[in-house]
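Protein chains: 4
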Amino acid sequence: MAAANGGRKFLQQIVKMMSEGGGFDKNLSKLRVVAGGNGKCVAEMTVEKEHENSGGTLHGGLTATLVDIVSTMALMTTEKAVPGVSVNINVSYMKAATSGQEIVINAETLRVGRNLAFLSVDITNKESGALIATGSHTKYIG
Amino acid sequence: MAAANGGRKFLQQIVKMMSEGGGFDKNLSKLRVVAGGNGKCVAEMTVEKEHENSGGTLHGGLTATLVDIVSTMALMTTEKAVPGVSVNINVSYMKAATSGQEIVINAETLRVGRNLAFLSVDITNKESGALIATGSHTKYIG
Amino acid sequence: MAAANGGRKFLQQIVKMMSEGGGFDKNLSKLRVVAGGNGKCVAEMTVEKEHENSGGTLHGGLTATLVDIVSTMALMTTEKAVPGVSVNINVSYMKAATSGQEIVINAETLRVGRNLAFLSVDITNKESGALIATGSHTKYIG
Amino acid sequence: MAAANGGRKFLQQIVKMMSEGGGFDKNLSKLRVVAGGNGKCVAEMTVEKEHENSGGTLHGGLTATLVDIVSTMALMTTEKAVPGVSVNINVSYMKAATSGQEIVINAETLRVGRNLAFLSVDITNKESGALIATGSHTKYIG
Numbered sequence: 001m002a003a004a005n006g007g008r009k010f011l012q013q014i015v016k017m018m019s020e021g022g023g024f025d026k027n028l029s030k031l032r033v034v035a036g037g038n039g040k041c042v043a044e045m046t047v048e049k050e051h052e053n054s055g056g057t058l059h060g061g062l063t064a065t066l067v068d069i070v071s072t073m074a075l076m077t078t079e080k081a082v083p084g085v086s087v088n089i090n091v092s093y094m095k096a097a098t099s100g101q102e103i104v105i106n107a108e109t110l111r112v113g114r115n116l117a118f119l120s121v122d123i124t125n126k127e128s129g130a131l132i133a134t135g136s137h138t139k140y141i142g
Numbered sequence: 001m002a003a004a005n006g007g008r009k010f011l012q013q014i015v016k017m018m019s020e021g022g023g024f025d026k027n028l029s030k031l032r033v034v035a036g037g038n039g040k041c042v043a044e045m046t047v048e049k050e051h052e053n054s055g056g057t058l059h060g061g062l063t064a065t066l067v068d069i070v071s072t073m074a075l076m077t078t079e080k081a082v083p084g085v086s087v088n089i090n091v092s093y094m095k096a097a098t099s100g101q102e103i104v105i106n107a108e109t110l111r112v113g114r115n116l117a118f119l120s121v122d123i124t125n126k127e128s129g130a131l132i133a134t135g136s137h138t139k140y141i142g
Numbered sequence: 001m002a003a004a005n006g007g008r009k010f011l012q013q014i015v016k017m018m019s020e021g022g023g024f025d026k027n028l029s030k031l032r033v034v035a036g037g038n039g040k041c042v043a044e045m046t047v048e049k050e051h052e053n054s055g056g057t058l059h060g061g062l063t064a065t066l067v068d069i070v071s072t073m074a075l076m077t078t079e080k081a082v083p084g085v086s087v088n089i090n091v092s093y094m095k096a097a098t099s100g101q102e103i104v105i106n107a108e109t110l111r112v113g114r115n116l117a118f119l120s121v122d123i124t125n126k127e128s129g130a131l132i133a134t135g136s137h138t139k140y141i142g
Numbered sequence: 001m002a003a004a005n006g007g008r009k010f011l012q013q014i015v016k017m018m019s020e021g022g023g024f025d026k027n028l029s030k031l032r033v034v035a036g037g038n039g040k041c042v043a044e045m046t047v048e049k050e051h052e053n054s055g056g057t058l059h060g061g062l063t064a065t066l067v068d069i070v071s072t073m074a075l076m077t078t079e080k081a082v083p084g085v086s087v088n089i090n091v092s093y094m095k096a097a098t099s100g101q102e103i104v105i106n107a108e109t110l111r112v113g114r115n116l117a118f119l120s121v122d123i124t125n126k127e128s129g130a131l132i133a134t135g136s137h138t139k140y141i142g
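Residue numbers (UniProt numbering), protein chains in the order written: chain A, 1 to 142; chain V, 1 to 142; chain S, 1 to 142; chain E, 1 to 142.
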């Protein structure tokens, strides 16, 4: 069953469906899920023009979107297997990611309670390992 | 001078430039600045398909993007007149905004210090006045 | 009924009970409630040695405690009249408050949903009106 | 040199000095530093009456104070060796800690830039390992 709702393929399909649905998630069309399951999801993306702010670096709004979506996918691989509804997202921006760089978005489920889930995300530069941003995401799942 | 860097027209031009630059800010192409100056910026947007998550409501990632950008425009109308660099964004999600609804994004500068600026954003439903989300945004401007 | 659970006297009694209970709220024994009701609570405090960090200014941990407690009192004056359980507290620190200064803690309830309440707090210097800190507080009330 | 500014003994001395200084840090008099150095600090505390809210569990304001102080001690063991000034503290509350329980406060420095430091804290139940709270702390160190 874990395989059914938690594997990398399952999560990549979700990204595909979401990004082709005509909504805001089209911004995630280049997101590649590299691992998933047991409350975790790891994805990668190469920073391209479409992801950047006017200064030529990864847009802070997209960073927040990655925190939102990749942690939600992590949550979907828990036993509850629900997406939930966002209550709070907090993002700290540590370092710019520039055009052409590969970033790794690493999300994990910290706790799933009866009504709330707590998720955590790190975004790093794939080559250097340097932290680009961290985020926490609280969702209502009751 | 305030007119030069703080008026509604100036801010609407910035939105136009940003959203036509080929980057992530294309997501803001339908944002309408309705007031600006003295550290404040008010913008409006009608929620359309392109702004929505797969549940058909305003996407939490776009909400965070609106917090980011509209508060940055508010900051640009202060005497410092700089965009700064994001340090932290915190968003609380209170109520969904659904397709066709008009939302008002109201940003204000709480404090501009020597090195840091603190900004605050409310997003409301234009018709009902109900809060959809609130955000705080800390920027480095040193 | 509002008078029963929302007045200034009622909230001051709560502060008294809490601060005399032998727990951590003893730190609030000098907190003076100046107004309360309809989801709001305003309190004042003079910064004294016992409230300060080793640098002689209002301790960031006490600032967070004030955000927690004064917003909880605001919540108790809503129709739900419950204290709830903290889910998330976010505090931005803008300016130091120094020994002898009077501070005003101004809390309001932004939204009470079925399961969650969203509260907001400003802490200002009473004399100058300058913002010392702002906070947001999310509570589970389900 | 690391030994000079980063060891467990050094940090325990700081806690002692701070908690005996007559200020708010007296609330930390029972905090035991168990490890420190290279941007990290681990401390432990047994939850007692003086740390509790009126519901008999670890007070959310003290939780925030622990995030503040233990992460600041972690920062003091980095090469910069400065305490900095708080810009933002964000705390997520996951589970109550009750009277008599031992908690572990685990702080690490995520990034020290030229002007800002980013710190992260986990608070867990020592026996069960369950997460009680997580926090992020941004400090200005310029």
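Every residue, glycine too, gets a C-beta built ideally from N, C-alpha and C.
{"Check": "The UniProt domain \"Thioesterase\" (55-129) of chain A: positions lying closer than 8 Å to chain S by Cβ", "Outcome": "Val-87, Asn-88, Asn-90, Asn-115 and Leu-116"}
{"Check": "Through-space distance from Gln-101(A) to Lys-126(A), alpha-carbon basis", "Outcome": "8 Å"}
{"Check": "Backbone secondary structure at Ile-141(S) - three-state DSSP", "Outcome": "coil"}
{"Check": "For Thr-109(S), the residue or residues it bridges with in DSSP", "Outcome": "Leu-119(S)"}
{"Check": "Whole-angstrom distance between Ala-43(A) and Phe-10(A), CA atom to CA atom", "Outcome": "13 Å"}
{"Check": "Residue of Met-45(A), Asp-122(A), Gly-55(A) and Glu-20(A) minimising C-alpha distance to Arg-32(A)", "Outcome": "Met-45(A)"}
{"Check": "Interface partners of Thr-138(V) on chain E, CB under 9 Å", "Outcome": "Val-87, Asn-88 and Thr-138"}
{"Check": "CB contact flag (Thr-65(S), Asn-27(S), <8 Å)", "Outcome": "yes"}
{"Check": "Rounded straight-line distance, which links the Cα of Ile-141(S) to that of Leu-116(S)", "Outcome": "5 Å"}
{"Check": "Cβ of Gly-22(A) within 8 Å of any chain S Cβ", "Outcome": "no"}
{"Check": "Rounded distance between the beta-carbons of Met-94(S) and Val-118(V), thought under 8 Å", "Outcome": "This sequence places Phe at residue 118(V); Val is not what is there. So it is a contact: roughly 5 Å between Cβ atoms."}
{"Check": "Contacting positions in the stretch 38-56 of chain A - beta carbon closer than 9 Å to chain V", "Outcome": "Lys-49, Glu-50, His-51, Glu-52, Asn-53, Ser-54, Gly-55 and Gly-56"}
{"Check": "Cβ neighbour criterion (16 or more within 10 Å) applied to Gly-129(V)", "Outcome": "exposed"}
{"Check": "Identity of the residue in Asn-106(V), Gly-37(V), Thr-98(V) and Gly-22(V) nearest Glu-50(V) by Cα", "Outcome": "Thr-98(V)"}
{"Check": "Range covered by the beta strand (DSSP E) that runs through Gly-37(A)", "Outcome": "32-37"}
{"Check": "Cβ-Cβ separation, Thr-134(S) to Ser-86(V) (assumed contact under 8 Å), whole Å", "Outcome": "Actually they are not in contact, since the Cβ atoms of Ser-86(V) and Thr-134(S) sit about 17 Å apart, beyond 8 Å."}
{"Check": "Ala-74(V) burial status per 10 Å Cβ neighbour count (16 or more: buried)", "Outcome": "buried"}
{"Check": "Ser-71(S) versus Gly-37(S), Glu-52(S) and Gly-56(S), residue with shortest Cα-Cα distance", "Outcome": "Gly-37(S)"}
{"Check": "Distance between Arg-114(S) and Val-82(A) (C-alpha atoms, nearest Å)", "Outcome": "20 Å"}
{"Check": "Short CB-CB distance (under 8 Å) between Gly-142(S) and chain A", "Outcome": "yes"}
{"Check": "N-terminal and C-terminal residue of the beta strand (DSSP E) that Val-82(E) is part of", "Outcome": "Unbroken run through Val-82(E): none, as it is neither H nor E."}
{"Check": "CB of Ile-132(A) within 8 Å of CB of Leu-62(A), strictly", "Outcome": "no"}
{"Check": "Continuous beta strand (DSSP E) stretch holding Val-42(S): start and end", "Outcome": "40-46"}
{"Check": "Environment of Gly-84(V) [buried if 16+ CB atoms lie within 10 Å]", "Outcome": "buried"}
{"Check": "With 16 other Cβ atoms within 10 Å as the buried cut-off, status of Glu-52(A)", "Outcome": "buried"}
{"Check": "Where the alpha helix (DSSP H) containing Arg-8(A) begins and where it ends", "Outcome": "8-19"}
{"Check": "Distance between Ser-54(S) and Gln-13(E) (C-alpha atoms, nearest Å)", "Outcome": "14 Å"}
{"Check": "Gly-142(S): CB within 7 Å of a non-hydrogen atom of the ligand COA", "Outcome": "For the ligand COA, the structure offers nothing, since it holds no ligand at all."}
{"Check": "Leu-110(V) versus His-137(E): straight-line alpha-carbon distance, rounded", "Outcome": "20 Å"}
{"Check": "Short Cβ contact (8 Å threshold) for Ala-96(A) with Cys-41(A)", "Outcome": "no"}
{"Check": "Rounded straight-line distance, which links the Cα of Gly-60(S) to that of residue 188(E)", "Outcome": "Residue coverage of chain E in this structure runs from 1 to 142, which leaves residue 188(E) outside it and unanswerable."}
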